[in-house]
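Shown next, in structure tokens, is the structure this report addresses.
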Ligand SMILES: Cc1cc2nc3c(=O)[nH]c(=O)nc-3n(C[C@H](O)[C@H](O)[C@H](O)COP(=O)(O)OP(=O)(O)OC[C@H]3O[C@@H](n4cnc5c(N)ncnc54)[C@H](O)[C@@H]3O)c2cc1C
């Protein structure tokens, strides 16, 4: 890669960057222009695509690809700073984002969730082949577009601006280690979060942030460069910097996305074999983020899911637990405790107390069944099925980081804005590098917002460029 001039530089090749580059190229083509587009990707080609490459990419949409109609009110209730313009735009543009990837060859599968769920209508969609299908399909299309250059193993380093603060390019480091300057009037940052920047994790999340492993290898490339570059040129920040979306992860493996989510149908205990949370307080999608945070922050990042045959026979059990390891099993609770490294007597006492408190209502994992404990702390509000049908099963868990909430502030047109809300001329941001969530992440909207605001950024930047050309 040498110094060169482009119409736009896109940083990152996850869902957000790919949609941004394609939408820029296609908007320019509608005006009979062939855009010169540079895409910078830190990873080698076979590892391109960051988090998107490793996600199942569950979309919170109905069978017509409309976003869950309760989503905007849900995020509005999380915090006074929740950006409702951004979220209403996401809601409005979701069907178009789904159409965008489908028309370029990504096949969507719609399916019922099957178990008790906080997702309106109880249905969602995913690409056939997960996020990897998004990356490989859209990258394949992009590779065939005239004017597009993709630079692998190339990392964006710094934005370049003129004396008025408008973007004029970016510096990038290639495989040889030397910096080049790529001139461009627009840069779209789509380079993910800062979950693999240990300094930022400690700074914003506090002690023991480095205890959390990454949930998938693609996150290793995401070190917060977008946040640094954008704030260096005056961009503001948004989202809750001391909150993280973590997931309960099988401690015995490093397999990508090895999560264990069948805990509503068993009990969670800590390293002392004591329960510490109401496992059945709400549907799974409303609890796993908060429980992961609790395991990391207050339980020394160590927990164990304990269950019996009534847990392993719930519908969709295999889909709930995507770890590559079978659970530890034993005919007795004491035997299971030994395999998990827990005190056998303590686990037996915890389970005995829980079993004695379990209510008489019928167990029904497909709904909030009201089968609750009485007289124990913490209670279990639903699915309090006694643990008595061996063989007993257990998983050792830790919290793995999936993404961070804090990031760059953008507006509903995907422009990076200053703390006062003024757009930085020529600078756009999309996907996980932008901060939007506070307190709680409603699942199935993270890939979606990357695709949507990537599309919006590309189209806006190309339209702005066409206006400049017309004005000359
Ligand atoms: C295991 C797992 C499961 C998930 N499940 C879901 C789910 O079911 N539904 C959902 O909505 N979300 C899910 N998520 C979250 C979702 O995948 C991400 O939020 C989303 O894919 C982020 O897309 P992105 O394009 O913003 O970033 P990424 O896909 O991470 O892409 C960022 C890109 O930028 C590149 N990069 C970084 N720094 C630089 C630099 N300096 N220069 C050049 N390139 C750089 C990286 O190499 C990468 O290619 C999951 C995530 C993981 C990891």
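In the numbering used here, the protein residues as written are 4 to 475.
Glycine residues also receive a C-beta, built at the ideal position from the N, C-alpha and C atoms.
If you're wondering where the values come from, they're calculated on a predicted model, not measured in any experiment.
With the cut-off set at 9 Å, would you say residue 258 and residue 287 are in Cβ contact?
Against the chain shown, residue 258 aligns to sequence position 255. Against the chain shown, residue 287 aligns to sequence position 284. No; because the gap between Cβ atoms is not below 9 Å, this pair is not in contact.
Residue 177 and residue 157: beta carbons closer than 9 Å?
The residue you call residue 177 lines up with position 174 of the chain shown. The residue you call residue 157 lines up with position 154 of the chain shown. Yes. Within cutoff.
Measuring CA to CA, which of 274, 146, 172, 129 is closest to residue 401?
To locate residue 401, count along the chain shown from 1; it is residue 398. Here the closest residue by C-alpha is 274.
Tell me whether residue 383 is buried or exposed, calling it buried when 16 or more other Cβ atoms sit within 10 Å of its Cβ.
Translated into positions along the chain shown, residue 383 becomes position 380. So residue 383 ends up on the buried side.
Can you look up residue 287 in the DSSP assignment and give me helix, strand or coil?
Numbered from 1 along the chain shown, position 284 holds the residue referred to as residue 287. Residue 287: helix per DSSP, three-state reduction.
With contact counted as at least three CB pairs below 8 Å, one residue from each stretch, are the stretch 238-252 and the stretch 429-443 in contact?
Verdict: yes, contact present.
The beta strand (DSSP E) that contains residue 23, what's its start and end?
Taking the chain shown and counting its residues from 1, one reaches residue 23 at position 20. Where residue 23 is concerned, there is no enclosing beta strand (DSSP E), although the alpha helix (DSSP H) it sits in stretches over 18-33.
How would you write the range of the alpha helix (DSSP H) that residue 463 sits in, first residue to last?
Indexing the chain shown from 1 puts residue 463 at position 460. Where residue 463 is concerned, the enclosing alpha helix (DSSP H) stretches over 449-474.
CA-CA distance, residue 116 and residue 125?
Position 113 of the chain shown holds residue 116. Position 122 of the chain shown holds residue 125. Going by the C-alpha atoms only, they are around 5 Å apart.
Below 9 Å between beta carbons: does that hold for residue 191 and residue 409?
Against the chain shown, residue 191 aligns to sequence position 188. Against the chain shown, residue 409 aligns to sequence position 406. No; because the gap between Cβ atoms is not below 9 Å, this pair is not in contact.
Looking only at C-alpha atoms, which of 38, 96, 159 sits nearest to residue 416?
For this step, residue 416 is matched to residue 413 along the chain shown. When only C-alpha atoms are compared, the closest one is 96.
For residue 449, is the beta carbon positioned less than 8 Å from some heavy atom of ligand 1?
Working through the chain shown from its first residue, we reach residue 449 at position 446. At least one heavy atom of ligand 1 is nearer than 8 Å to the Cβ of residue 449, so yes.
Of the residues 306, 283, 324, 338, which one's Cα is nearest the Cα of residue 260?
For the purposes of this step, residue 260 is taken as residue 257 along the chain shown, with counting starting at 1. Ranking the options by Cα distance to residue 260, first place goes to 324.
Which residue or residues does DSSP assign as beta-bridge partners of residue 258?
What you label residue 258 is simply residue 255 of the chain shown in a count that begins at 1. BP columns for residue 258 are empty, so no partner.
How about residue 218: is its Cβ closer than 8 Å to a heavy atom in ligand 1?
Locating residue 218 in the chain shown gives position 215, where the first residue counts as 1. Answer for residue 218: yes, Cβ within range of ligand 1.
Find the nearest neighbour of residue 235 within the set 168, 395, 201, judged by alpha-carbon distance.
Residue 235 sits at position 232 when you count from the first residue of the chain shown. Ranking the options by Cα distance to residue 235, first place goes to 168.
Taking only the alpha-carbon atoms, compute the straight-line gap between residue 155 and residue 162 and give it to the nearest angstrom.
By one-based count along the chain shown, residue 155 stands at place 152. By one-based count along the chain shown, residue 162 stands at place 159. Approximately 19 Å between the Cα atoms of the pair.
Comparing the CB of residue 260 with every heavy atom of ligand 1, is any distance shorter than 8 Å?
Stepping through the chain shown from its first residue, residue 260 is reached at position 257. Flag set: Cβ of residue 260 near ligand 1.
Count the C-beta pairs between the stretch 213-233 and the stretch 353-373 that are closer than 8 Å, then say yes if the count reaches three, no if not.
The answer is no - the stretch 353-373 does not touch the stretch 213-233, with fewer than three Cβ pairs under 8 Å.
Starting from residue 341, trace the alpha helix (DSSP H) in both directions and tell me its first and last residue.
Locating residue 341 in the chain shown gives position 338, where the first residue counts as 1. Per DSSP, residue 341 belongs to the alpha helix (DSSP H) from 336-343.
Excluding sequence positions up to five away, which residues of its chain have a Cβ less than 7 Å from the Cβ of residue 404?
What you label residue 404 is simply residue 401 of the chain shown in a count that begins at 1. For residue 404, where only same-chain residues beyond five positions count, the Cβ hits under 7 Å are 198, 215, 217, 218, 247, 249.
Am I right that residue 148 and residue 107 are in contact with their C-beta atoms under 8 Å? What's the rounded C-beta distance?
The residue given as residue 148 occupies position 145 in the chain shown. The residue given as residue 107 occupies position 104 in the chain shown. Not a contact, Cβ separation roughly 11 Å.
Taking DSSP as the reference, what is the three-state secondary structure of residue 442?
Position 439 of the chain shown, counted from the first residue, corresponds to residue 442. Residue 442 falls in the coil class under three-state DSSP.
Which runs of the alpha helix (DSSP H) fall wholly inside the stretch 274-325 and span at least 4 residues, in chain order?
Counting only runs of 4 or more, we get 287-301, 312-315, 320-323.
Along the chain, which unbroken stretches of the beta strand (DSSP E) at least 3 residues long are found entirely within the stretch 346-383?
Runs found: none.
Under the assumption that residue 419 contacts residue 430 (Cβ atoms under 8 Å), give the Cβ distance between them as a whole number of angstroms.
Residue numbering aside, residue 419 sits at position 416 when the chain shown is read from its first letter. Residue numbering aside, residue 430 sits at position 427 when the chain shown is read from its first letter. The Cβ separation is near 4 Å, so the contact holds.
Considering only their Cβ atoms, is the gap separating residue 68 from residue 25 smaller than 9 Å?
On the chain shown, residue 25 is found 22 positions in, with the first residue counted as 1. On the chain shown, residue 68 is found 65 positions in, with the first residue counted as 1. Against a cut-off of 9 Å, the Cβ pair of residue 68 and residue 25 comes out as no contact.
So residue 88 is in the alpha helix (DSSP H); what residue range does that whole segment cover?
Sequence index remark: in the chain shown, residue 88 carries index 85 (1-based). From DSSP, the alpha helix (DSSP H) with residue 88 extends over 87-106.
Helix, strand or coil: which one does DSSP assign to residue 151?
Here residue 151 corresponds to residue number 148 of the chain shown, with the count starting at 1. Three-state DSSP puts residue 151 in a strand.
Given a cut-off of 9 Å on the beta-carbon distance, is the pair residue 229 and residue 432 in contact?
Residue 229 sits at position 226 when you count from the first residue of the chain shown. Residue 432 sits at position 429 when you count from the first residue of the chain shown. Cβ distance < 9 Å, so residue 229 and residue 432 count as in contact.
So does residue 157 have its beta carbon nearer than 8 Å to some heavy atom of ligand 1?
Indexing the chain shown from 1 puts residue 157 at position 154. Yes, the Cβ of residue 157 comes within 8 Å of a heavy atom of ligand 1.
Can you find the residues in the same chain that come closer than 7 Å, C-beta to C-beta, to residue 330, ignoring five residues on each side of it along the sequence?
Counted from its first residue, the chain shown places residue 330 at position 327. Only 396, 397, 398 meet the Cβ criterion.
What's the call for residue 131, buried or exposed, on a 16-neighbour Cβ count within 10 Å?
As a position in the chain shown, residue 131 is number 128, starting the count at 1. It is exposed - the Cβ of residue 131 has fewer than 16 other Cβ atoms within 10 Å.
Have a look at 344, 465, 160 and flag the residue whose alpha-carbon is nearest the alpha-carbon of residue 33.
Looking up residue 33 in the chain shown gives position 30. Residue 465 is the option with its Cα nearest to residue 33.
From the DSSP secondary-structure annotation, give me the bridge partner or partners of residue 331.
Position 328 of the chain shown, counted from the first residue, corresponds to residue 331. In the DSSP output, where bridge partners are listed per residue, residue 331 has 397.
Indicate the three-state DSSP secondary structure (helix, strand or coil) for residue 138 in the structure shown.
Position 135 of the chain shown, counted from the start, is the residue given in the question as residue 138. Residue 138 falls in the helix class under three-state DSSP.
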